[in-house]
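Student:
2 protein chains.
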Amino acid sequence: MATQALANWSSSLEYNALSAEIIHVAVRSFYNWTGCVVGGSAHPAITIARSALARFSGPPTSRLLGSEGSIDADAIHAALFNGIASHVHDYDDTHLDTIIHPTDGAHRLSAPGHGRCKVGRAVWPEHYDVGWHITSTTGSIGAAVAVSKLLGSSAPQTAHSIGLAATQVTGLREMFGSHTKSFHPGRAAQNGLLAAILSGEGYTSSAQVLEAKRGWANVVSSAQRLDAEVASLAPAGRWEIAQNAFKPFPCGIVVHPVIDGCVWLHGELRRQGLLLSEGEYEIQEVRVTVHPLVLELTGKTAPRNGLEAKFSVYHGGAVGLLLGRAAPAQYEDAVVVDERVVRLRERIHATAGENLRPEECHLAVSVQRSDGSTTVIEKHVDHAMGSVERPMADVQLTDKFVDQCIPVLG
Amino acid sequence: MATQALANWSSSLEYNALSAEIIHVAVRSFYNWTGCVVGGSAHPAITIARSALARFSGPPTSRLLGSEGSIDADAIHAALFNGIASHVHDYDDTHLDTIIHPTDGAHRLSAPGHGRCKVGRAVWPEHYDVGWHITSTTGSIGAAVAVSKLLGSSAPQTAHSIGLAATQVTGLREMFGSHTKSFHPGRAAQNGLLAAILSGEGYTSSAQVLEAKRGWANVVSSAQRLDAEVASLAPAGRWEIAQNAFKPFPCGIVVHPVIDGCVWLHGELRRQGLLLSEGEYEIQEVRVTVHPLVLELTGKTAPRNGLEAKFSVYHGGAVGLLLGRAAPAQYEDAVVVDERVVRLRERIHATAGENLRPEECHLAVSVQRSDGSTTVIEKHVDHAMGSVERPMADVQLTDKFVDQCIPVLG
Chain A
0 MATQALANWS SSLEYNALSA EIIHVAVRSF YNWTGCVVGG SAHPAITIAR SALARFSGPP
60 TSRLLGSEGS IDADAIHAAL FNGIASHVHD YDDTHLDTII HPTDGAHRLS APGHGRCKVG
120 RAVWPEHYDV GWHITSTTGS IGAAVAVSKL LGSSAPQTAH SIGLAATQVT GLREMFGSHT
180 KSFHPGRAAQ NGLLAAILSG EGYTSSAQVL EAKRGWANVV SSAQRLDAEV ASLAPAGRWE
240 IAQNAFKPFP CGIVVHPVID GCVWLHGELR RQGLLLSEGE YEIQEVRVTV HPLVLELTGK
300 TAPRNGLEAK FSVYHGGAVG LLLGRAAPAQ YEDAVVVDER VVRLRERIHA TAGENLRPEE
360 CHLAVSVQRS DGSTTVIEKH VDHAMGSVER PMADVQLTDK FVDQCIPVLG
Chain B
0 MATQALANWS SSLEYNALSA EIIHVAVRSF YNWTGCVVGG SAHPAITIAR SALARFSGPP
60 TSRLLGSEGS IDADAIHAAL FNGIASHVHD YDDTHLDTII HPTDGAHRLS APGHGRCKVG
120 RAVWPEHYDV GWHITSTTGS IGAAVAVSKL LGSSAPQTAH SIGLAATQVT GLREMFGSHT
180 KSFHPGRAAQ NGLLAAILSG EGYTSSAQVL EAKRGWANVV SSAQRLDAEV ASLAPAGRWE
240 IAQNAFKPFP CGIVVHPVID GCVWLHGELR RQGLLLSEGE YEIQEVRVTV HPLVLELTGK
300 TAPRNGLEAK FSVYHGGAVG LLLGRAAPAQ YEDAVVVDER VVRLRERIHA TAGENLRPEE
360 CHLAVSVQRS DGSTTVIEKH VDHAMGSVER PMADVQLTDK FVDQCIPVLG
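Protein chains in written order, with numbering that gives the first Met the number 0: chain A, 0 to 409; chain B, 0 to 409.
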């Protein structure tokens with residue numbers, strides 16, 4: 000029933016069912032996604048893929064954002080390249096209930112594509128715990144639904160597109176820290192686009208792929224709650240897109256409270272005259288207390304490059320404290336191996352605090368004054384910038400957008 | 000270790016390590032695959048896909064076997080179309096230990112591609128029992144290894160291609176009976192080809208995807224024996240390609256003993272003058288005893304079309320008994336709904352025999368003579384034609400090849 004219900008919902012959804020608030024968050028999602036694609040478009044994960052696959056592209060019809068030409072590839076290749084670029088800096092949006100990055104695979108039509116977040120909620124957290132990258136495993140399904148909507152597919156065709164997309168389960172967490180992590184949402188966009196195109200022409204699949212005994216949810220997760228989630232589809236139920244948050248820092252959101260606190264501490268140290276222009280010499284120790292998940296996901300103490308640094312709470316803290324920023328420029332390889340950053344990273348000690356929420360952290364910086372005495376400055380972060388409680392304002396999204404476009408477009 | 004070991008094995012494998020016997024079975028595999036692609040090339044699953052995707056193909060470099068032009072698509076699209084065609088009649092080869100159809104995804108270089116059968120053995124049967132279509136889930140990996148070999152990739156590049164391929168886990172058994180079943184090996188071929196092309200240009204993934212804690216084997220199966228399987232790679236160990244069998248009938252091999260016995264009974268009934276040219280009227284009942292797996296996998300009593308009939312032991316038995324053949328022509332939609340076939344199907348009663356092996360069956364046909372008396376003719380099948388014990392001879396493979404080419408090529 001879940002597959003049919005999702006297909007019926009999408010194919011019958013009309014624009015005037017969307018409230019002004021939902022349209023606003025959809026526009027913010029698309030705007031944020033566009034900036035991420037431009038900002039990521041010069042990364043080696045893109046340039047390698049574009050160069051390797053150039054000879055396979057059909058007649059160009061679709062834009063590769065950030066590239067010099069405005070129309071550079073067929074739609075299927077464009078979905079891959081733009082999808083990789085959107086995720087490569089880990090700077091995209093986040094559906095907070097499931098840590099899905101929802102716009103990556105479904106950028107073509109935000110509202111129906113976000114129906115996949117219901118599918119994600121139905122298998123969260125068991126599916127992620129097994130080892131699947133939930134952004135892309137659900138991304139194929141979201142892209143199929145969104146493109147089917149754009150193609151004007153019927154409900155049965157949409158159900159078959161969900162089947163074709165769901166059978167392409169792309170994304171193992173084992174790939175985190177390599178180029179393949181950002182390949183995942185790109186490939187998911189291709190999977191869903193291909194599924195919608197094929198089913199739109201009569202290609203058949205299962206019409207109950209999500210809920211069948213050996214269907215998607217039962218195969219990829221140890222538990223599933225599809226019926227309840229599908230029953231909560233908006234507008235009668237809840238729009239998942241309203242739970243979408245935007246990242247102020249280009250890494251997994253579990254690191255954001257630490258970075259946010261360290262950026263604040265950077266300002267405080269400067270205000271108190273405790274931070275020399277050279278930075279790190281006076282900082283003796285940084286004690287960081289975080290939710291256990293932070294150490295599990297981002298416990299790399301000695302990252303070797305920008306991709307690995309995204310999985311290092313130590314790197315995020317060090318650049319926040321030392322440089323007062325954690326934008327893509329602070330995740331470039333040269334910064335990751337910079338001697339000052341490395342030395343400060345080594346002075347950061349992170350421990351798990353059992354009573355902390357994931358969005359919470361406590362920081363204590365020990366600084367030696369010029370007279371030899373030691374000052375400890377503490378900071379408790381309840382909710383990081385970019386959370387639902389402290390969302391990025393439109394003007395901050397604009398700053399982020401421009402900040403990503405300048406290095407690429409000038 | 001398994002990922003590196005497989006990559007090292009493939010990249011260092013040399014042609015002169017192959018015995019004449021292995022080369023012969025590789026040639027048979029490729030020959031059988033080629034016939035299947037030609038024979039499947041006019042199926043709607045191909046014609047829909049080709050029509051839907053024509054506008055996305057890059058400059059044509061690769062042959063679509065069975066089509067009128069000889070060079071029709073770029074290599075990535077050709078891999079999809081040829082892969083779909085190779086499997087659409089369920090007439091391809093079978094690695095008997097795992098029921099993988101090994102040449103589907105790895106046709107470009109049979110010997111290294113068959114290394115995937117070791118990966119399949121490492122998770123068989125748990126992986127299949129969960130609900131995965133093992134032909135395509137391992138097919139991506141086999142294609143990546145095979146194409147990496149053709150590209151002359153290094154062992155590290157090959158390891159990354161395995162990572163990129165393994166993260167694209169394509170194929171749910173829920174799709175059986177629809178066009179998407181044959182999409183699986185086609186997409187697997189694309190997944191592996193893409194993986195090898197990207198890793199050959201420096202795209203990175205995990206170098207321990209198969210064995211990592213949250214790697215492929217642990218995520219897609221409840222048990223795995225990778226170390227033992229990788230340790231048994233040929234030529235020091237065993238060539239899995241030597242376990243490759245070729246199908247005399249275009250459906251899952253679990254039905255083959257019943258079809259084989261029914262074809263024999265057809266001849267016996269004719270010899271005894273008990274089969275009118277019209278066929279079914281004198282057959283009152285057919286009692287079929289099979290391994291329980293046969294009913295689980297192929298228990299459809301009333302298939303509605305050719306794809307569904309492949310999952311009906313009743314249809315296979317009926318056409319074998321009535322027509323003395325079970326070639327692709329006997330799985331066309333018109334035959335599946337033919338009144339005589341339907342009536343005979345309804346007289347077949349299949350039950351599970353606990354003491355039977357999967358490759359064994361017992362048949363008893365009750366026939367009414369013209370004088371009103373009833374004769375029962377029995378047949379016990381120990382091993383079906385096409386099994387390792389009764390392999391198809393080269394001349395039978397040639398007949399199968401020609402039989403598939405004639406309707407397509409004339």
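All C-beta atoms, glycine included, are put in the ideal place defined by N, C-alpha and C.
Could you work out which residues of chain B lie near aspartate 73(A), taking near to mean beta carbons separated by less than 7 Å?
Tutor: The answer, in chain order, is Phe55.
Student: At a CB-CB cut-off below 8 Å, which residues of chain A make contact with alanine 51(B)?
Tutor: What alanine 51(B) touches in chain A: Ile196, Leu197, Gly199, Glu200, Tyr202.
Student: Could you say which of Val262(B), Pro234(B), Gly130(B), Arg172(B) lies nearest to proline 247(B) if we only look at CA atoms?
Tutor: Checking every option, the nearest Cα to that of proline 247(B) belongs to Val262(B).
Student: With which residues is glutamine 156(A) paired in a DSSP beta bridge?
Tutor: Answer by DSSP bridge pairing: none, since glutamine 156(A) is not bridged.
Student: Examine chain A for any beta-carbon lying closer than 8 Å to the beta-carbon of arginine 224(B), and answer yes or no.
Tutor: No - not a single Cβ of chain A is within 8 Å of the one on arginine 224(B).
Student: I'd like to know whether the C-beta atoms of leucine 264(A) and leucine 362(A) end up nearer to each other than 8 Å.
Tutor: Yes, they are a contact pair.
Student: Verify whether the separation of the beta carbon atoms of threonine 93(B) and histidine 86(B) is less than 8 Å.
Tutor: Contact: no.
Student: What residue range is occupied by the uninterrupted alpha helix (DSSP H) comprising threonine 350(B)?
Tutor: First-last for threonine 350(B): 347-351, but that is the beta strand (DSSP E), not the alpha helix (DSSP H).
Student: Sorted by chain position, which residues of the same chain lie with C-beta nearer than 6 Å to glutamate 377(B)'s C-beta, five sequence neighbours on each side aside?
Tutor: So the qualifying residues of the chain are Ala363.
Student: Measuring CB to CB, does glutamate 281(A) end up less than 8 Å from valine 366(A)?
Tutor: Going by C-beta atoms, glutamate 281(A) is nearer than 8 Å to valine 366(A).
Student: Have a look at leucine 133(A) and serine 40(B) and give me their C-alpha separation to the nearest angstrom.
Tutor: It should be noted that the sequence gives isoleucine, not leucine, for residue 133(A). For isoleucine 133(A) and serine 40(B), the distance between alpha carbons rounds to 36 Å.
Student: What does arginine 172(A) reach in chain E if we use C-beta pairs closer than 7 Å?
Tutor: The structure shown has no chain E; the protein chains it does contain are A and B.
Student: What are the boundary residues of the beta strand (DSSP E) that lysine 399(A) is part of?
Tutor: Looking at the DSSP string, lysine 399(A) is not in any beta strand (DSSP E); the run it does join, the alpha helix (DSSP H), is 393-408.
Student: Taking all protein chains shown into account, decide if glutamine 283(A) is buried (16 or more other Cβ within 10 angstroms of its Cβ) or exposed.
Tutor: Under this definition glutamine 283(A) is an exposed residue.
Student: With 16 other CB atoms within 10 Å as the buried threshold, where does arginine 107(A) fall?
Tutor: A caution first: arginine 107(A) carries a pLDDT of 49, below 50, which makes its placement in the model too unreliable to give a value.
Student: Where do the N-terminal and C-terminal ends of the beta strand (DSSP E) with alanine 244(A) fall, by residue?
Tutor: Its beta strand (DSSP E) spans residues 243-245.
Student: Look up histidine 23(A) in the DSSP assignment and say whether it is helix, strand or coil.
Tutor: It is helical.
Student: Under 8 Å, Cβ to Cβ, is there at least one residue of chain A near glutamine 167(B)?
Tutor: Yes, its Cβ sits closer than 8 Å to a Cβ of chain A.
Student: For glycine 191(B), would you say it is in contact with chain A, using Cβ-to-Cβ distances shorter than 8 Å as the test?
Tutor: Answer no: the Cβ-Cβ gap between glycine 191(B) and chain A never drops below 8 Å.
Student: Could one say the Cβ of serine 153(B) lies closer than 8 Å to chain A's Cβ atoms, at least one of them?
Tutor: With 8 Å as the cut-off, serine 153(B) does not count as an interface residue toward chain A.
Student: So which residues on chain B does glycine 162(A) lean against when the C-beta distance must stay under 9 Å?
Tutor: In chain order: Leu171, Glu173, Met174, Ser177, Thr179.
Student: Against chain A, with Cβ distances strictly below 8 Å, would arginine 186(B) count as a contact?
Tutor: For arginine 186(B), the answer is yes, since a Cβ of chain A falls inside 8 Å of its Cβ.
Student: Give the interface partners of histidine 414(B) over in chain A, defined as CB-CB distance under 8 Å, in chain order.
Tutor: Nothing in the structure corresponds to residue 414(B), since chain B is present only between 0 and 409.
Student: Going by DSSP, what residue range makes up the beta strand (DSSP E) through threonine 288(A)?
Tutor: 282-289 is the extent of the beta strand (DSSP E) around threonine 288(A).
Student: Spatial neighbours of glutamate 279(A) within its chain, please: CB distance less than 7 Å, with the 5 preceding and 5 following residues excluded, ordered by chain position.
Tutor: In this prediction, glutamate 279(A) scores a pLDDT of 48, lower than 50, which makes its location untrustworthy; the coordinate-derived value is nonetheless stated afterwards. Excluding sequence neighbours, glutamate 279(A) sits near Leu321, Arg339, Arg342, Leu343.
Student: Taking the beta strand (DSSP E) that glutamate 125(A) belongs to, which residues open and close that run?
Tutor: Element bounds for glutamate 125(A): not the beta strand (DSSP E) but the alpha helix (DSSP H), 125-129.
Student: Span of the alpha helix (DSSP H) holding serine 9(A)?
Tutor: First-last of the alpha helix (DSSP H) with serine 9(A): 1-11.
Student: Determine the chain A residues that contact tryptophan 131(B) at a beta-carbon separation under 7 Å, and present them in chain order.
Tutor: Under the 7 Å cutoff, chain A gives Val218.
Student: For asparagine 217(A), I'd like the list of residues in its chain whose CB is within less than 7 Å of its CB, leaving aside the five on either flank, ordered along the chain.
Tutor: Here the set comprises Gln223.
Student: Evaluate the contact criterion for the stretch 225-240 of chain B versus the stretch 165-174 of chain B: three or more CB pairs, one atom per stretch, below 8 Å.
Tutor: The stretch 225-240 of chain B vs the stretch 165-174 of chain B: no contact.
Student: Verify whether the separation of the beta carbon atoms of leucine 215(B) and alanine 154(B) is less than 8 Å.
Tutor: First, the amino acid is wrong: residue 215(B) is tryptophan here, not leucine. No, Cβ-Cβ distance for tryptophan 215(B) and alanine 154(B) is not below 8 Å.
Student: Helix, strand or coil for leucine 17(B), going by three-state DSSP, please let me know.
Tutor: Note: leucine 17(B) maps to coil in three-state DSSP.
Student: Pick from Gly57(B), Ala325(B), Thr60(B): whose alpha carbon is nearest that of isoleucine 258(B)?
Tutor: Ranking Gly57(B), Ala325(B), Thr60(B) by Cα distance to isoleucine 258(B) puts Ala325(B) first.
Student: Does serine 28(B) have its Cβ less than 8 Å from a Cβ in chain A?
Tutor: Not one chain A Cβ lies under 8 Å of serine 28(B).
Student: Between valine 335(B) and chain A, is there a C-beta pair that is closer than 8 Å?
Tutor: So no, valine 335(B) is outside the interface.
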